[in-house]
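2 protein chains.
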Amino acid sequence: MYLDRKPIKVHEAVEAVLRFAKAGEIEYVPINESDYRILKAPIKADHDIPPFDRSPLDGFAVRAEDTITASQSNPIELEVIETVGAGGLATLIPGKGQVIRIMTGAKMPEGTDAIVMFELTNEFQREGKTFISIKRAFKPGDNISFRAEETRNGDVLVEAGRQVEPGVKALLATFGYSKVPVARKPIIGVYATGTELLDVDEALEPGKIRNSNSYMINSQIIKAGAIPKYYGKLVDDFERCYEAVANALGEVDVLITTGGVSVGDFDYLPAIYDKLGANVLFNKIGMRPGSVTTVAEYNGKLLFGLSGNPSACYVGFELLARPWIQHYLGSKKPHLQLVQGILKADFPKPNPFVRFIRSKMTIEQGKVYAEPVGLDKSGVVTSLANSDALVVLPGGTRGFKKGDEVEILLLNGEGSSEILKK
Amino acid sequence: MYLDRKPIKVHEAVEAVLRFAKAGEIEYVPINESDYRILKAPIKADHDIPPFDRSPLDGFAVRAEDTITASQSNPIELEVIETVGAGGLATLIPGKGQVIRIMTGAKMPEGTDAIVMFELTNEFQREGKTFISIKRAFKPGDNISFRAEETRNGDVLVEAGRQVEPGVKALLATFGYSKVPVARKPIIGVYATGTELLDVDEALEPGKIRNSNSYMINSQIIKAGAIPKYYGKLVDDFERCYEAVANALGEVDVLITTGGVSVGDFDYLPAIYDKLGANVLFNKIGMRPGSVTTVAEYNGKLLFGLSGNPSACYVGFELLARPWIQHYLGSKKPHLQLVQGILKADFPKPNPFVRFIRSKMTIEQGKVYAEPVGLDKSGVVTSLANSDALVVLPGGTRGFKKGDEVEILLLNGEGSSEILKK
Numbered sequence: 001m002y003l004d005r006k007p008i009k010v011h012e013a014v015e016a017v018l019r020f021a022k023a024g025e026i027e028y029v030p031i032n033e034s035d036y037r038i039l040k041a042p043i044k045a046d047h048d049i050p051p052f053d054r055s056p057l058d059g060f061a062v063r064a065e066d067t068i069t070a071s072q073s074n075p076i077e078l079e080v081i082e083t084v085g086a087g088g089l090a091t092l093i094p095g096k097g098q099v100i101r102i103m104t105g106a107k108m109p110e111g112t113d114a115i116v117m118f119e120l121t122n123e124f125q126r127e128g129k130t131f132i133s134i135k136r137a138f139k140p141g142d143n144i145s146f147r148a149e150e151t152r153n154g155d156v157l158v159e160a161g162r163q164v165e166p167g168v169k170a171l172l173a174t175f176g177y178s179k180v181p182v183a184r185k186p187i188i189g190v191y192a193t194g195t196e197l198l199d200v201d202e203a204l205e206p207g208k209i210r211n212s213n214s215y216m217i218n219s220q221i222i223k224a225g226a227i228p229k230y231y232g233k234l235v236d237d238f239e240r241c242y243e244a245v246a247n248a249l250g251e252v253d254v255l256i257t258t259g260g261v262s263v264g265d266f267d268y269l270p271a272i273y274d275k276l277g278a279n280v281l282f283n284k285i286g287m288r289p290g291s292v293t294t295v296a297e298y299n300g301k302l303l304f305g306l307s308g309n310p311s312a313c314y315v316g317f318e319l320l321a322r323p324w325i326q327h328y329l330g331s332k333k334p335h336l337q338l339v340q341g342i343l344k345a346d347f348p349k350p351n352p353f354v355r356f357i358r359s360k361m362t363i364e365q366g367k368v369y370a371e372p373v374g375l376d377k378s379g380v381v382t383s384l385a386n387s388d389a390l391v392v393l394p395g396g397t398r399g400f401k402k403g404d405e406v407e408i409l410l411l412n413g414e415g416s417s418e419i420l421k422k
Numbered sequence: 001m002y003l004d005r006k007p008i009k010v011h012e013a014v015e016a017v018l019r020f021a022k023a024g025e026i027e028y029v030p031i032n033e034s035d036y037r038i039l040k041a042p043i044k045a046d047h048d049i050p051p052f053d054r055s056p057l058d059g060f061a062v063r064a065e066d067t068i069t070a071s072q073s074n075p076i077e078l079e080v081i082e083t084v085g086a087g088g089l090a091t092l093i094p095g096k097g098q099v100i101r102i103m104t105g106a107k108m109p110e111g112t113d114a115i116v117m118f119e120l121t122n123e124f125q126r127e128g129k130t131f132i133s134i135k136r137a138f139k140p141g142d143n144i145s146f147r148a149e150e151t152r153n154g155d156v157l158v159e160a161g162r163q164v165e166p167g168v169k170a171l172l173a174t175f176g177y178s179k180v181p182v183a184r185k186p187i188i189g190v191y192a193t194g195t196e197l198l199d200v201d202e203a204l205e206p207g208k209i210r211n212s213n214s215y216m217i218n219s220q221i222i223k224a225g226a227i228p229k230y231y232g233k234l235v236d237d238f239e240r241c242y243e244a245v246a247n248a249l250g251e252v253d254v255l256i257t258t259g260g261v262s263v264g265d266f267d268y269l270p271a272i273y274d275k276l277g278a279n280v281l282f283n284k285i286g287m288r289p290g291s292v293t294t295v296a297e298y299n300g301k302l303l304f305g306l307s308g309n310p311s312a313c314y315v316g317f318e319l320l321a322r323p324w325i326q327h328y329l330g331s332k333k334p335h336l337q338l339v340q341g342i343l344k345a346d347f348p349k350p351n352p353f354v355r356f357i358r359s360k361m362t363i364e365q366g367k368v369y370a371e372p373v374g375l376d377k378s379g380v381v382t383s384l385a386n387s388d389a390l391v392v393l394p395g396g397t398r399g400f401k402k403g404d405e406v407e408i409l410l411l412n413g414e415g416s417s418e419i420l421k422k
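Protein chains in written order, with my numbering: chain A, 1 to 422; chain B, 1 to 422.
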């Protein structure tokens with residue numbers, strides 16, 4: 001069935017998928033389990049930073065007015081009356097000619113208004129008292145980190161939708177987020193189709209190959225921020241396939257199948273969508289690889305029918321399923337990041353439809369380059385392992401030459417808020 | 001103590017650390033738990049790919065010689081004697097004028113030497129038999145994926161030291177790696193120092209701040225591929241600090257402390273190294289931030305004494321501790337990736353020592369740019385959350401201007417095999 005499929009454009013397919021975007025619920029996880037999760041609420045300052053005027057150095061808190069006459073030729077002497085470490089508070093208030101020894105991070109003692117670092121002082125004892133001598137003058141405010149000079153109570157420091165990374169984690173800790181509000185991860189079911197598929201621990205047999213797509217998709221799902229749930233292989237019996245798909249749909253947020261969407265005799269997925277009464281959003285995209293990529297919707301849940309061809313499966317996931325997952329998580333950059341760059345090798349094939357070429361991206365002398373990896377035969381698994389980018393060649397173009405400027409989707413980039421306009 | 005510290009260069013510090021590099025042991029993890037782990041052995045093909053000559057299309061396997069006379073004006077008719085799906089094997093051998101219907105991925109039937117896709121045929125029934133008509137000739141080998149055309153048995157497909165990503169996972173599955181050989185993760189102990197530090201779930205008090213470094217380092221350790229083990233806060237008592245450090249050293253592969261390495265009165269770490277009899281590799285690096293970063297070695301184990309200042313702590317970890325961890329894991333690119341790029345804003349401060357500026361990296365029209373984030377006051381936690389790069393300004397330079405070419409370390413890049421030459 002569906003021999004007469006009408007191809008739609010890539011961006012139309014993405015838009016169709018995102019019409020069924022959902023926002024995941026919030027959940028709270030302990031701060032040290034929040035790595036790589038997506039924030040579901042902004043991080044707000046619950047206090048000023050610094051929270052008080054403090055010393056950024058190890059040194060002495062002085063009254064600047066006491067130092068006015070100090071110079072190389074006229075050093076002045078000041079009495080050290082107390083020592084305060086970080087986290088401590090001074091108990092004395094220095095009078096004229098008195099200072100407090102102070103450590104980095106400690107609160108400025110009352111009555112002092114400048115910090116003199118250790119290195120600019122000479123310390124000595126006299127008559128059981130400790131003194132320092134100083135050879136230059138200081139102004140009020142010298143070497144003080146002032147309250148709120150970095151951040152004010154209530155400031156939004158990181159927007160919702162950002163991923164937790166080390167620098168974000170530091171902020172979460174600073175502002176007391178012992179539990180972090182993140183998006184619940186959606187559960188993505190995966191079914192493989194194909195009687196030729198052996199599992200990873202099965203021995204090879206004539207005519208059969210090992211199932212690689214399910215494992216690859218498992219990693220793509222994890223990388224996209226969701227939880228994979230692998231259901232195994234659909235058998236070659238239509239009724240049992242139908243029931244398996246219908247049952248799995250009840251347990252997941254999205255169901256992905258690999259294979260079974262082409263025009264082969266055992267490509268059951270189109271008939272399953274039919275029998276379910278699912279709304280087929282599209283069953284052909286004007287792109288290579290992945291033209292048979294199909295997405296259907298049933299009761300608001302999406303069924304992604306990805307190609308059984310590894311490259312097509314990979315590309316279909318990244319272009320269509322990843323944005324859905326990232327939307328669910330609340331990411332503001334759900335799509336692959338697109339950059340310009342220079343092609344490092346000829347690509348002589350014509351491109352009747354937009355083509356995504358597995359490539360390796362490099363930066364040389366401040367410029368972005370991309371080199372197609374391997375032969376780019378559509379069944380080539382090996383080249384996917386060496387790709388970190390997809391060169392995008394527009395449909396309706398002839399060959400491209402080394403040195404041509406091209407567009408490049410980054411597989412490990414920071415993402416983009418824009419849908420690829422192809 | 002150590003007021004007279006002699007600064008060494010950044011690359012000398014990295015080299016000193018890597019003189020104590022260790023190679024972690026191998027462990028085998030189930031394939032679906034191998035994401036982001038580093039391969040400890042290369043992935044080798046255990047069979048050819050394709051493993052047999054196969055059809056890359058849904059169509060008909062023909063004897064090319066039977067089609068020689070076919071043309072638009074002279075269509076030929078061929079009898080369909082069997083259908084074979086992917087994973088199946090033909091049971092008949094076509095004679096003259098006979099073909100086998102074949103699905104994508106199925107093994108080429110004996111006696112056939114070309115594939116004709118569905119779309120180029122007309123199928124019809126006559127006298128209880130199925131026939132197709134073809135309007136063009138095919139050559140032997142047309143539309144066949146030949147055995148081993150992608151990969152030969154025994155080929156090394158991915159080198160040891162690579163991280164498991166979706167494309168790598170696909171290869172692991174293809175070649176039967178149900179258990180994946182990866183490097184055991186090292187355990188990195190973390191102790192914070194500073195009486196001013198409150199834990200994330202404690203209320204603020206005058207003179208105190210929340211501990212952010214330990215949480216940040218926890219994330220950096222995870223990101224670098226290791227297991228963090230947080231010991232809490234060292235108390236302000238030298239003997240108890242000493243014992244805590246000595247005990248922790250026995251339980252970890254590396255011990256990191258944050259704070260306590262400067263010249264303040266309560267900076268105990270130098271004295272602890274002394275009492276341990278540890279070999280202090282260096283206690284000052286000619287760089288900003290992080291000049292007081294100290295590394296000591298005791299019985300072959302490293303103690304990283306990172307600064308208590310968040311930015312300095314962050315930079316010290318990335319430049320020194322990360323490469324040690326990545327070496328342990330067997331990565332071939334243990335250092336931060338360095339690229340050239342263009343500065344997007346003036347940076348007027350002089351740089352007596354090499355300076356690492358927290359920055360945001362962007363790619364615009366195929367070129368790399370970096371913009372310093374925030375004020376870059378050395379205590380600024382907030383800017384770390386918005387950085388994904390460190391602009392590297394060489395020591396002995398004056399200010400830099402917007403548009404100047406600079407070097408940039410990528411915090412989320414693919415890494416580098418080269419030590420930064422600064």
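All residues carry an ideal CB built from backbone N, CA and C; glycine is no exception.
Any chain A beta carbon closer than 9 Å to residue i
| i | result |
| --- | --- |
| N32 of chain B | yes |
| T397 of chain B | no |
| N283 of chain B | no |
| I272 of chain B | no |
| K208 of chain B | yes |
Cutoff 6 Å; reference residue i; Cβ partners in own chain excluding five residues on either side
| i | result |
| --- | --- |
| I102 of chain B | S55, A61 and V84 |
| V406 of chain A | L343 and V391 |
| R288 of chain B | F353 and R355 |
| A248 of chain B | G189, Y231 and L255 |
Within 9 Å, strictly: CB atoms of residue i and residue j
| i | j | result |
| --- | --- | --- |
| E150 of chain B | V381 of chain A | yes |
| V182 of chain B | V29 of chain B | yes |
| K332 of chain A | R162 of chain A | yes |
| V368 of chain B | M361 of chain B | yes |
| D53 of chain B | R147 of chain B | yes |
| I424 of chain A | G111 of chain B | Outside the displayed span of chain A (1 to 422) sits residue 424 of chain A, for which this structure offers no information. |
| V295 of chain B | A13 of chain B | yes |
| Y177 of chain A | D253 of chain A | no |
| K284 of chain A | K6 of chain A | yes |
| G428 of chain A | G87 of chain B | Because chain A here runs from 1 to 422, residue 428 of chain A falls outside it and cannot be looked at. |
| Q72 of chain B | K139 of chain B | no |
Local conformation of residue i per DSSP, three classes
| i | result |
| --- | --- |
| H47 of chain B | coil |
| P350 of chain A | coil |
| L249 of chain B | helix |
| E20 of chain B | Residue identity differs from the one stated: residue 20 of chain B is Phe in this sequence, not Glu. Here F20 of chain B sits in coil by DSSP. |
| P372 of chain B | strand |
| S378 of chain A | Legend: pLDDT at S378 of chain A = 45, less than 50; position of this residue unreliable, no value from coordinates given. |
| G316 of chain B | helix |
| P42 of chain A | coil |
| R184 of chain B | coil |
Chain B within 9 Å of residue i, Cβ atoms only
| i | result |
| --- | --- |
| L390 of chain A | no |
| I115 of chain A | no |
| E414 of chain A | yes |
| H47 of chain A | yes |
| Q98 of chain A | no |
Proximal residues to residue i (C-beta, below 8 Å), its chain only, five neighbours per side dropped
| i | result |
| --- | --- |
| T397 of chain B | P350 and N351 |
| S34 of chain B | V164, K169, L172, V180 and V182 |
| G374 of chain B | R358, V380, T382, S383 and N386 |
| S378 of chain B | Because the pLDDT at S378 of chain B is just 45, under 50, the model does not fix this residue reliably, and the value given afterwards should be weighed accordingly. Within the same chain, S378 of chain B has close Cβ partners R288, P289, N309, S311 and A312. |
Could you pull out every unbroken alpha helix (DSSP H) segment of at least 4 residues lying fully inside the stretch 128-180 of chain B, listed in chain order? Counting only runs of 4 or more, we get 166-174.
Ordered list of alpha helix (DSSP H) runs contained in the stretch 229-310 of chain B, each at least 4 residues: 238-249 and 269-276
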